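Residue numbers (UniProt numbering): 1 to 455.
Ideal Cβ positions, reconstructed from N, Cα and C, are used throughout, including at glycine.
If you're wondering where the values come from, they're calculated on a predicted model, not measured in any experiment.
Notes to accompany the following structure.
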């Protein structure tokens, strides 16, 4: 470490280590005519990227957020993902922010890179699906669209699909309080250890609680709460919690990063405290009082569902690893259409036993897991079909209209629909990847309606 930093704790705690993440096939298109990997297109592809603790920096075109360590699930490190300055076409630079002298073990390094791969869908099967879709969709190929951003864990995806930007911000702020508290007794009792996943299903079936899909006129286009348009405190706090270097500030010569990511390089970067809290784990939420969580995070009745989900995971009643393994049995590709429905139906059946997971939520969670043949429909879908395709539809007829319009893109109907819808948003609101976080609140269906009427 440079001598001038040794006596400066503030500078010392901002030292980072850097890892390299190889892009699939060196970043080259896996199929003729497919677009190369585009970090901006992969991140700014869905409203999930707007939700805390994710932070896309428009100036430096980098993603910053905390990620968990494999060696200690209660510990997080702030991570910055950007294009590799020396190898922009075939690698990403993953800067892990922490205190000097902190050893980042090989398992921790591997876990961090795996979480980044999941968020950006960098596995071989994800690349194949994106390439096959782009081969049949010229607009998507030109835009580099084909990977839908998701969370580093399935649990985070499942909770975020229950609601809003403000909810995610509040949960991350709560996690920071839990982490910073000298005693956890003010928040929760000792969390029971996670039980091993049961491979055989019990003869006693869980009671299924199915909720009707809600069609709210002010439903978030990108997971937003309609009340957030007038209540910006959480978003302002979230935006101010980041202290990112500008694109022009420079980071020094990074071409010396070794091809072996186990060799580490140090430089100054923001630390974990600058990124606010991480998204809570099931263990952190399982024993929270439901009323406290509802009041603290303004969750209302959803607090109970989130706590129940966390407890079911901690107690081994729901095994996320098992769900991920089932998904890997069948990945929807052009060549594998016959095997997709059975796996999808099995996972849909598993998710239907979870309280609060109605058809719309389940379809979106399954999309996050890699199934793109189903299009979750709500009032925003109906609005889009009416405005873009001049087709009037209702809740009962919308799926038939979706099949007629996007069926030719099977098994990637959702990708075709979302590419079209996301492109419309970019035209309506301006380039989404250039938006500052404080403006994410504009992404509501009610504001879209007003803008559409006035256009």
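DSSP three-state assignment for residue i, whether helix, strand or coil
| i | result |
| --- | --- |
| residue 66 | strand |
| residue 95 | strand |
| residue 391 | coil |
| residue 132 | helix |
| residue 161 | coil |
| residue 315 | coil |
| residue 19 | strand |
| residue 126 | helix |
| residue 57 | strand |
| residue 373 | coil |
| residue 137 | coil |
| residue 47 | helix |
| residue 403 | helix |
| residue 417 | helix |
| residue 383 | helix |
| residue 431 | coil |
| residue 148 | coil |
| residue 343 | helix |
Per-residue burial, residue i [other beta carbons within 10 Å of its own, 16 or more giving buried]
| i | result |
| --- | --- |
| residue 16 | buried |
| residue 443 | buried |
| residue 107 | exposed |
| residue 191 | Because the pLDDT at residue 191 is just 44, under 50, the model does not fix this residue reliably, and the point stays unresolved. |
| residue 321 | exposed |
| residue 354 | buried |
| residue 142 | exposed |
| residue 329 | exposed |
| residue 337 | Note that residue 337 has pLDDT 46, beneath the 50 cutoff, so the model's placement of it is unreliable and the number below is only indicative. Classification of residue 337: exposed, given that the 10 Å Cβ count is below 16. |
| residue 205 | Confidence in residue 205 is poor, its pLDDT being 38 and thus under 50, which makes the residue's placement unreliable; the coordinate value appears in the next sentence. Answer is exposed; the Cβ neighbour count stays below 16. |
Length of the line joining the Cα atoms of residue i and residue j
| i | j | result |
| --- | --- | --- |
| residue 370 | residue 20 | 25 Å |
| residue 287 | residue 51 | 24 Å |
| residue 68 | residue 91 | 22 Å |
| residue 352 | residue 366 | 12 Å |
| residue 418 | residue 424 | 10 Å |
| residue 43 | residue 311 | 30 Å |
| residue 302 | residue 294 | 7 Å |
| residue 137 | residue 118 | 24 Å |
| residue 438 | residue 96 | 26 Å |
| residue 398 | residue 386 | 10 Å |
| residue 324 | residue 346 | 12 Å |
| residue 391 | residue 78 | 46 Å |
| residue 412 | residue 403 | 11 Å |
| residue 57 | residue 153 | 22 Å |
| residue 70 | residue 36 | 31 Å |
| residue 122 | residue 146 | 11 Å |
| residue 267 | residue 307 | Because residue 267 carries a pLDDT of 37, less than 50, the predicted location of this residue cannot be relied on, and the following value inherits that uncertainty. Each residue's Cα considered, the two are about 40 Å apart. |
| residue 125 | residue 159 | 25 Å |
| residue 72 | residue 54 | 21 Å |
| residue 86 | residue 18 | 13 Å |
| residue 408 | residue 129 | 15 Å |
| residue 105 | residue 181 | 26 Å |
| residue 296 | residue 120 | 31 Å |
| residue 372 | residue 381 | 16 Å |
| residue 178 | residue 148 | 31 Å |
| residue 410 | residue 426 | 25 Å |
| residue 184 | residue 279 | In this prediction, residue 184 scores a pLDDT of 47, lower than 50, which makes its location untrustworthy; no coordinate-derived value is stated. |
| residue 285 | residue 364 | 22 Å |
| residue 103 | residue 400 | 55 Å |
| residue 228 | residue 170 | Interpretation of residue 228 is limited by its pLDDT of 35, a score under 50 that renders its predicted location unreliable; the figure taken from the coordinates is listed afterwards. Their Cα atoms are separated by approximately 12 Å. |
| residue 76 | residue 140 | 35 Å |
| residue 110 | residue 93 | 14 Å |
Close beta carbons around residue i, own chain, < 6 Å, minus the five adjacent residues each side
| i | result |
| --- | --- |
| residue 34 | 131 and 134 |
| residue 431 | none |
| residue 240 | Its pLDDT being 48, under 50, residue 240 is placed unreliably by the model, and nothing is read from it. |
| residue 368 | 150 and 157 |
| residue 39 | 83 |
| residue 457 | Since the first residue of the chain shown is 1 and the last is 455, residue 457 is not available in this structure. |
| residue 362 | 348 and 351 |
| residue 375 | 402, 413, 414 and 417 |
| residue 80 | 62, 64 and 95 |
| residue 22 | 91 |
| residue 225 | Unreliable placement is indicated for residue 225, whose pLDDT of 36 sits below 50; no coordinate value is reported for it. |
| residue 384 | 421 |
Beta-bridge partners of residue i, as assigned by DSSP
| i | result |
| --- | --- |
| residue 77 | 67 |
| residue 82 | 93 |
9 Å Cβ cutoff, residue i in contact with chain D
| i | result |
| --- | --- |
| residue 91 | Of the protein chains in the structure, only one exists, and it is not chain D. |
7 Å Cβ shell around residue i - same chain, five flanking residues per side excluded
| i | result |
| --- | --- |
| residue 176 | 276 and 277 |
| residue 405 | 389 |
| residue 41 | 143, 144 and 145 |
Contacting residues, own chain, Cβ-Cβ under 8 Å from residue i (five flanking each side not counted)
| i | result |
| --- | --- |
| residue 435 | 58 and 429 |
| residue 300 | 294 |
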